[in-house]
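Have a look at the structure below before the remarks.
Protein chains: 2
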Amino acid sequence: MAKRPISIKQVADAAGVSTATVSNVFSGKKPVNDDLAARVRDAAKKLGYRVNRAASNLRSGQSRVVTVMVPDLSDPYFTSLVTEIEEHAQRDGYQIIVANTKDDVETERGRVSALLSWQPDGMIVVPTSDNIPEQLLQVKDEVPIVITDRGIQTKEFDVVRVDNAAAGKMVASHLLEFGHRRVLVVASDMQISGVYDRCNGAIERIRAAGAQSDLVEVGPVPDRAAAHLARWLVKNPMPTAIFAVTDMTTLATLTCLAELKAEVGYDVSVVGYDDYPWMVARRTPITAVRQPVEQIAEAVWTLLLRRMNGDDSQIEVLPLECELRVRASSQPIEKTEETRGRRGRAASEVK
Amino acid sequence: MAKRPISIKQVADAAGVSTATVSNVFSGKKPVNDDLAARVRDAAKKLGYRVNRAASNLRSGQSRVVTVMVPDLSDPYFTSLVTEIEEHAQRDGYQIIVANTKDDVETERGRVSALLSWQPDGMIVVPTSDNIPEQLLQVKDEVPIVITDRGIQTKEFDVVRVDNAAAGKMVASHLLEFGHRRVLVVASDMQISGVYDRCNGAIERIRAAGAQSDLVEVGPVPDRAAAHLARWLVKNPMPTAIFAVTDMTTLATLTCLAELKAEVGYDVSVVGYDDYPWMVARRTPITAVRQPVEQIAEAVWTLLLRRMNGDDSQIEVLPLECELRVRASSQPIEKTEETRGRRGRAASEVK
DNA sequence: TTGTAAGCGTTATCAA
DNA sequence: TTGATAACGCTTACAA
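The listed protein sequences correspond, in order, to chains H and B. Using this note's numbering, you'd call the opening residue of the first sequence number 104 and step up by one each time. Using this note's numbering, you'd call the opening residue of the second sequence number 104 and step up by one each time.
What follows is the structure in structure tokens.
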């Protein structure tokens with residue numbers, strides 16, 4: 104059924120040269136006489152020839168493939184990470200193969216195997232959990248691996264990460280400066296170390312300032328997260344500020360506040376995580392922590408590239424800094440008091 | 104430097120069998136005695152063996168690879184499409200390779216070549232423009248290709264598409280039912296046939312009802328789009344309803360209305376395109392057209408699979424229907440009149 | 001600068 | 001059911 108495509112041999116015959124010459128024309132590894140090169144290209148074009156990666160990889164032992172594994176392709180943060188990485192890969196002559204683990208350890212295991220069969224020259228991994236799949240431990244001497252975003256700091260792998268604790272502290276300081284003394288931190292899953300660090304960074308600083316900080320862990324499922332948070336807000340006195348430490352919890356928080364008819368920036372200040380276009384497409388734009396995706400992607404790529412080029416030295420990668428985009432959703436405490444006061448509502452009424 | 108990984112030969116030796124047997128154990132194409140199979144698996148595990156796709160592809164002529172090319176990986180619609188397709192592919196034993204053309208015809212050309220070198224068994228393409236890259240025309244007899252979302256209806260390729268005109272009409276009817284008589288349609292790029300069809304569907308129906316419908320084409324760049332729309336809105340009397348025909352124009356529209364301090368659902372009704380979580384995380388959730396991504400992905404995959412299995416028959420794929428998620432951002436005209444009236448503003452004042 | 005030929009790891013054919 | 005062996009298309013010594 105599937106007849107085989109044009110091979111290098113056919114091109115060589117058509118151009119009246121050897122296969123080696125054809126190979127050299129396309130790889131550029133050895134110089135080829137211009138006339139011959141032209142003749143080869145002509146023949147190739149006429150026949151519709153394209154190098155067969157499989158054969159090329161097999162013979163050379165170099166796949167020029169880098170795999171990228173992320174926990175959730177529907178998360179815009181990971182998509183942008185992938186997009187950035189692809190850019191770098193492209194430029195350096197690598198192809199990337201993306202795998203989505205769907206935040207599931209089983210799937211992750213399966214994907215690792217599938218990816219390894221490509222004989223990648225390198226791997227970029229955002230682990231689903233802090234437990235890095237053991238298959239990766241097995242192959243870590245054969246293929247360079249760079250971990251990012253999730254996974255615990257380890258001496259086993261190169262890791263590029265953001266300073267999550269610092270990000271949490273930054274948000275806390277911002278809210279404290281605005282006079283907030285009751286801040287709710289909304290976490291998805293504290294098992295994820297990045298989430299844990301952000302929360303802790305924020306809470307510590309707030310408490311150190313003698314203010315009050317609570318934590319709700321709403322789980323990883325969006326719908327349930329909003330409901331969970333709503334229950335908490337009804338049971339407890341309304342905080343004056345909320346810090347949502349992930350993309351998803353930001354959405355859950357806003358959904359929840361909308362349902363409770365609490366007005367963002369007035370009744371309560373909100374700081375979200377990750378910075379997306381929709382956050383600005385609102386009457387009250389959302390203050391948010393922006394992760395430096397471009398820098399992260401670049402750090403990941405250059406690190407991996409060094410490893411792929413055989414650099415075995417101890418490379419220390421410093422944690423990257425996040426940035427706070429201050430917008431109208433976070434306001435000085437006076438605004439909140441004024442709002443709640445004007446409505447003749449005590450804090451307890453806005454549940 | 105890069106020592107070659109374990110080969111089938113080494114496993115065969117370790118297990119005391121032939122390479123053919125090892126191959127059969129892993130491919131399952133021929134039955135193997137249980138004892139032998141166990142021995143092989145043991146040896147393989149011990150050695151850390153994994154089949155080499157390159158060699159396997161080369162010999163069998165079957166890559167079990169399907170490529171997916173999309174214009175913009177940062178567009179959540181395409182991400183979800185890719186995610187859905189991957190699911191199907193996975194189930195049927197195919198690996199997908201994703202390429203992002205970044206809405207650029209040059210990049211697209213480059214990517215097509217790169218993808219073809221994988222010798223894919225099938226290709227799924229969302230063309231950047233209506234002009235399907237000519238390289239695809241050249242290979243369309245060698246490898247099955249399914250086009251979706253963009254690209255003009257053609258007899259050359261199998262196409263899975265949504266009924267864009269119908270979607271436009273649906274929105275128009277919704278707004279007409281609510282009594283709106285001045286509807287603005289916000290398009291990104293009318294060169295994209297889907298966008299064109301949506302606009303036209305909507306505008307035709309509105310005009311057929313004797314109501315007024317204007318069109319602004321704001322271009323493909325988000326920032327400029329909002330500014331462009333803002334200029335239009337200032338120069339013209341405020342419509343009572345706006346239909347944004349893409350994800351990006353929806354965002355641009357909302358950004359713009361927020362800047363103009365026009366309240367969505369009150370001063371003006373808004374219908375957006377594509378349905379995302381952020382649309383609900385607002386005080387006024389957005390009415391939106393939801394494309395049936397799952398159905399589209401499934402249709403694409405089953406069609407491609409049939410072609411990959413050698414089905415040459417004429418297959419007609421019916422256009423799929425979109426759905427309207429009605430929410431608070433679209434309101435009966437009375438609400439708008441009331442709002443504008445109460446504020447003591449004529450339509451002209453809310454510019 | 002070009003050609004010859006071996007061999008990468010796998011699968012398919014054929015024989016046992 | 002298993003094994004021996006050729007061949008897939010390419011790259012790369014090495015020879016010319």
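A virtual CB, placed ideally from N, CA and C, is assigned to each residue, including glycine.
- Query: Distance, Cα to Cα, E259 of chain H vs L240 of chain H?
  - Reply: Cα to Cα, the separation comes out at about 8 Å.
- Where do the N-terminal and C-terminal ends of the alpha helix (DSSP H) with T186 of chain B fall, by residue? T186 of chain B -> alpha helix (DSSP H) spans P179 to R194.
- Query: How far does the alpha helix (DSSP H) with R285 of chain B in it reach, from first residue to last?
  - Reply: No alpha helix (DSSP H) contains R285 of chain B, which is instead part of the beta strand (DSSP E) from R285 to A290.
- Look at the alpha carbon of R167 of chain H and the alpha carbon of L408 of chain H, and state the distance between them as a whole number of angstroms. Taking the straight line from one Cα to the other gives about 11 Å.
- Those runs of the beta strand (DSSP E) which lie wholly inside the stretch 362-413 of chain B and span at least 3 residues: List check, beta strand (DSSP E) in window: 372-376 and 390-393.
- Query: Per DSSP, I109 of chain H forms a beta bridge with which residues?
  - Reply: None; I109 of chain H has no bridge partner.
- Query: Exposed or buried, A449 of chain H, counting other C-beta atoms within 10 Å across all chains shown (16 or more means buried)?
  - Reply: Since pLDDT at A449 of chain H reaches only 46, below the 50 mark, its modelled position is unreliable, and the value read off the structure follows with that caveat. Result: exposed.
- Query: Tell me which same chain residues have a C-beta within less than 6 Å of the C-beta of E452 of chain B, skipping the five on either side of it?
  - Reply: Because E452 of chain B carries a pLDDT of 44, less than 50, the predicted location of this residue cannot be relied on, and the following value inherits that uncertainty. No residues qualify anywhere along the chain.
- Flag this pair as yes or no: are the beta carbons of P108 of chain B and E237 of chain H separated by less than 8 Å? In terms of Cβ geometry, P108 of chain B and E237 of chain H do not form a close pair [threshold 8 Å].
- Item | Contact set for F129 of chain H: own chain, Cβ-Cβ below 7 Å, skip 5 residues either direction | Counting only residues of its own chain and dropping the five nearest sequence neighbours on each side, F129 of chain H has a CB closer than 7 Å to the CB of V154.
- Run of the beta strand (DSSP E) containing D317 of chain H, from where it starts to where it stops: Run containing D317 of chain H: Q315 to E320, per the beta strand (DSSP E) assignment.
- To the nearest angstrom, how far is it from the Cα of V229 of chain B to the Cα of D195 of chain B? The straight-line gap from Cα to Cα measures roughly 22 Å.
- Item | F346 of chain B, enclosing beta strand (DSSP E) - first and last residue | Residue range A344 to A347 is occupied by the beta strand (DSSP E) that includes F346 of chain B.
- Item | Other residues of its chain near M273 of chain H: CB distance less than 6 Å, five sequence neighbours each side excluded | Within the same chain, M273 of chain H has close Cβ partners L427.
- Query: Mapping DSSP to helix, strand and coil, what is M293 of chain H?
  - Reply: Shown here, M293 of chain H sits in coil according to DSSP, grouped into three states, outside any helix or strand.
- Message: Classify V171 of chain H: buried if its beta carbon has 16 or more other beta carbons within 10 angstroms, exposed otherwise.
- Response: Buried, because 16 or more other Cβ atoms sit within 10 Å of the Cβ of V171 of chain H.
- Task: Give the residues of chain B in contact with N203 of chain H, contact being defined as C-beta atoms less than 8 Å apart.
- Result: Neighbours of N203 of chain H on chain B, chain order: T186 and E189.
- CB of I235 of chain H within 8 Å of CB of T251 of chain H, strictly: With respect to T251 of chain H, I235 of chain H sits apart: the two C-beta atoms are not nearer than 8 Å.
- Task: Would you please state the rounded distance, in angstroms, between the beta carbons of V324 of chain H and W335 of chain H? I believe it to be under 8 Å.
- Result: With a beta-carbon spacing of about 16 Å, V324 of chain H and W335 of chain H fall beyond the 8 Å limit used to define contacts.
- Query: Got a sec: which bits of the stretch 352-365 of chain B sit with their beta carbon under 7 Å from any beta carbon on chain H, in order along the chain?
  - Reply: Within the stretch 352-365 of chain B, the residues whose Cβ lies closer than 7 Å to some Cβ of chain H are L354, L357, T358 and A361, listed in chain order.
- Query: Based on the DSSP output, what are the partners of I255 of chain B in its beta bridges?
  - Reply: In the DSSP assignment, no residue is bridged to I255 of chain B.
- Give a yes or no on contact between the stretch 412-431 of chain H and the stretch 385-398 of chain B, applying the rule of three or more CB pairs nearer than 8 Å. With fewer than three CB-CB distances shorter than 8 Å, the stretch 412-431 of chain H does not count as touching the stretch 385-398 of chain B.
- So the beta strand (DSSP E) N203 of chain B belongs to, where does it begin and stop? N203 of chain B -> beta strand (DSSP E) spans Q198 to N203.
- Item | Complete runs of the alpha helix (DSSP H) confined to the stretch 131-165 of chain H [at least 4 residues] | If we require 4 residues or more, the alpha helix (DSSP H) runs fully inside the stretch 131-165 of chain H come out as 137-150 and 156-163.
- Is any beta-carbon of chain H found at less than 8 Å from that of E397 of chain B? No - not a single Cβ of chain H is within 8 Å of the one on E397 of chain B.
- Query: With C-beta atoms as the reference, is W381 of chain H less than 8 Å away from L176 of chain B?
  - Reply: Contact: no.
- Item | Proximal residues of chain H, C-beta to C-beta of V383 of chain B below 7 Å | Simply T358.
- Ends of the alpha helix (DSSP H) at I227 of chain H? No alpha helix (DSSP H) holds I227 of chain H; the beta strand (DSSP E) holding it covers G225 to V228.
- Task: Assign T352 of chain H to one of three DSSP states: helix, strand, or coil.
- Result: Reduced to three states, the DSSP call for T352 of chain H is helix.
- Return the CA-CA distance between E211 of chain H and N339 of chain B, expressed in angstroms with no decimal places. Distance between E211 of chain H and N339 of chain B, taken at the CA atoms: about 54 Å.
- Message: If you reduce the DSSP assignment to three classes, tell me which class D326 of chain H lands in.
- Response: Correct three-state label for D326 of chain H: helix.
- Task: With 8 Å as the limit, tell me which residues of the stretch 213-247 of chain H have their beta carbon closer than that to any beta carbon of chain B; keep them in chain order.
- Result: Residues S216, A217, L219, S220, W221, Q222, D224, Q241, V242 and E245.
- Would you check if the stretch 396-411 of chain B and the stretch 255-269 of chain B touch, i.e. whether three or more CB-CB distances between them fall below 8 Å? These segments touch.
- Task: Go to E87 of chain B, then tell me how far its alpha helix (DSSP H) extends in each direction, as first and last residue.
- Result: In the structure as shown, chain B begins at 104 and stops at 454. Residue 87 of chain B is therefore absent and cannot be evaluated.
- Simplified DSSP state of I235 of chain B, which is helix, strand or coil: DSSP, read as helix, strand or coil, puts I235 of chain B in coil.
- Query: In whole angstroms, what is the alpha-carbon distance linking A311 of chain H and G213 of chain H?
  - Reply: Looking at the two C-alpha atoms, the distance is approximately 45 Å.
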